[in-house]
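Accompanying notes for the structure given below.
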Amino acid sequence: MATAADDEIETDDRWTKPPFLRRVRIRGYKSIEFCDVALQPLTVLVGRNASGKSNFLGALAFLADALEGGTDEAVRRHGGREAILHRPGRGTTVSLSLEAGFRDRETGNSFEAVYDIAIRLPARAKPHVLSEQIQIRNRRDHSLVGFSRKKERIDWTGFRGEDEAPPPWCRRDRLALSLYRFPQLPEWSPGLLLARFFKFAPDAIRELRKPTPGNLLERDGRNLASVLASIEEFDSDVAGRIQAYLSVIVEDIQAIRVVHYGDFETVRFLVRSTEKKPQAFDAACMSDGTLRAIAALVAAFQAVLPYGPGVIGIEEPETALHPAAMHALIHALDEATANTQILLTTHSADLLSDPIVRPSQVLVVRSRQGRTLITPVDVASRDIIAKELYSLAELQRQDQLDLDEEDLRRQAAENAAEGGR
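Position one of the sequence shown corresponds to residue 255 (the numbering used here), numbered consecutively onward.
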């Protein structure tokens, strides 16, 4: 069924930035009993502290971790069975459904994909894949390819014969989507596999560290210097954009460099001074807000050849950042959506004050009786904003942004129709 935000989603190729997640359905993950929401290239989840905003990103991170390392590793990374299940002792399954639009980089063809996954977390056995299904439709010729899986058994569609089809089985603790690469199965999983979700820790960024292999930023930003060095090596233009935006966010910063101390490295900031030459400060001397800002820029613009992260999520990017600097950061993140879908969480009105952020890009998050509920902005607030009586930011400051009750009823009916499992 359509959500209230569907009308805002373009039907042209605007949403085929690979892999643009059009819709996400989550069931049974932590405080989220059930949600079904539409996403934009830049989506902002707004809610009070402890409303469950981070659990929405956490569910997507759980899927990305399962794709990367298997179900057992994903459960370990997310705190274990009791921490993950919505109702420990009653429900035993976490399920997600994703709808996406993407373009194959080699052929240029556009595709629509629906991916469903259910992972069981039994009390006395290892977590495993209960079911997994993907269907990919070519928008040009409407051909279909994909598979349907129950436990280890896989049934493939879109293959001409047994000799062409992949093996009809998969280990119970691994996701088939991450294991099989065939020309008939268009590549959208790398972008999902490389999805990254961040909660930056300035103290971790300040520490001197040995260079790390790989080009993806860690969740807390600890390998910022290594990722920044990779960006400078592979795409100097992107490195220049990061530096330019940082100079707007923190006006006195003229340049950034990666420097080495023996076997260790860090980021150095060249800061404007009253003398002819700028002063040099390492990350250990910089403020929390500056370190969070550069980490957010690197997260948004990082590139991994031939694929970059298809989706990134950043928790509360406004933390320790001056409100005036938030506008520049939002503009940078909006620019980055040309290549990467970006999800943000916030409880701050400052992030919503830029005109770039429209009501259609905002999801309201509330906690009721321990359950996280997520919907588009309520109808009354949208009308008030459309009539220019108040802005998004002003309504947030007044704590007036609320759930769309009609969409909430739709989600409740959908959940009940499927048995609330």
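Even glycine gets a Cβ: it sits at the ideal position worked out from N, Cα and C.
Remember, it's a predicted structure, so these values are computed and weren't measured experimentally.
- In the DSSP assignment, Y369 forms a beta bridge with L352, I388.
- Look at C424 here: in three-state DSSP terms it is coil, with no helix or strand label.
- Shortest Cα-Cα distance from F413 to any of E360, Q389, G323 involves Q389.
- Judged by their CB atoms, I507 and F523 are nearer to each other than the 8 Å cut-off.
- In terms of CA proximity to A367, V399 leads the group V399, P381, V348.
- Taken in chain order, the complete alpha helix (DSSP H) segments of 4 residues or longer contained in the segment 524–597 are 542–555, 577–590.
- Between F310 and V348, the C-beta spacing is not below 8 Å.
- Looking only at L470, D653, N392, the smallest Cα-Cα distance to G362 is reached by N392.
- Under the three-state reduction of DSSP output, R622 falls in the strand class.
- In chain order, L311, F451, L597 place their CB closer than 6 Å to the CB of G567, counting only its own chain and leaving out the 5 sequence neighbours on each side.
- Across the structure, L657 and T600 are spaced so that their CA atoms are roughly 16 Å apart.
- For K404, the uninterrupted beta strand (DSSP E) run begins and ends at 398–404, by DSSP.
- Contact between the segment 426–433 and the segment 314–328 is present: three or more C-beta pairs spanning the two stretches fall below 8 Å.
- Annotation for A479: V512, E519, T520, V521 place their beta carbon closer than 6 Å to its own, counting only its chain and skipping 5 residues before and after.
- Non-local beta-carbon contacts of I638 in its own chain, meaning distances under 6 Å to residues more than five positions away in sequence, involve Y644 in chain order.
- In the three-state scheme derived from DSSP, where H, G and I count as helix and E and B as strand, D290 is classed as strand.
- Ranked by Cα distance from D474, the first of G494, P421, K453 is K453.
- Residues of the same chain with a CB within less than 6 Å of the CB of A372, apart from the 5 flanking positions on each side, are T347, S349, L384, S385 in chain order.
- Contiguous beta strand (DSSP E) elements confined to the segment 445–526 occur at 450–452, 507–515, 518–525, taking only those with 3 or more residues.
- In the structure shown, V611 falls within a coil segment according to DSSP collapsed to helix, strand and coil.
- Buried is the label assigned to A582, since at least 16 other Cβ atoms lie within 10 Å of its Cβ.
- Going by DSSP, G323 is part of the alpha helix (DSSP H) stretching over 307–323.
- Beta-carbon to beta-carbon, L375 and V565 are separated by about 24 Å, too far to satisfy the 8 Å threshold.
- The criterion of a C-beta distance shorter than 8 Å is not satisfied by V278 and Q650.
- Taking C-alpha positions only, G334 is separated from T626 by approximately 20 Å.
- Counting the other CB atoms within 10 Å of its CB gives S308 a total of 16 or more, which places it among the buried residues.
- For the pair R330 and K380, the Cα-to-Cα distance works out to about 11 Å.
- S305 is the residue among S305, E327, Y515 whose C-alpha sits nearest the C-alpha of V618.
- Boundaries of the beta strand (DSSP E) around V300: 296–301.
- Its chain contains C289, V291, L617, V619 as the residues whose beta carbon lies nearer than 6 Å to that of I628, once the 5 sequence neighbours on both sides are disregarded; these appear in chain order.
- Counting C-beta atoms within 10 angstroms of its own C-beta, K404 has fewer than 16 neighbours from the protein chains shown and is therefore classed as exposed.
- In the three-state reduction of the DSSP assignment, D409 falls in the strand class, which pools E and B.
- The Cβ neighbour count for Q595, taken over all protein chains shown within 10 Å, is at least 16; the residue is labelled buried.
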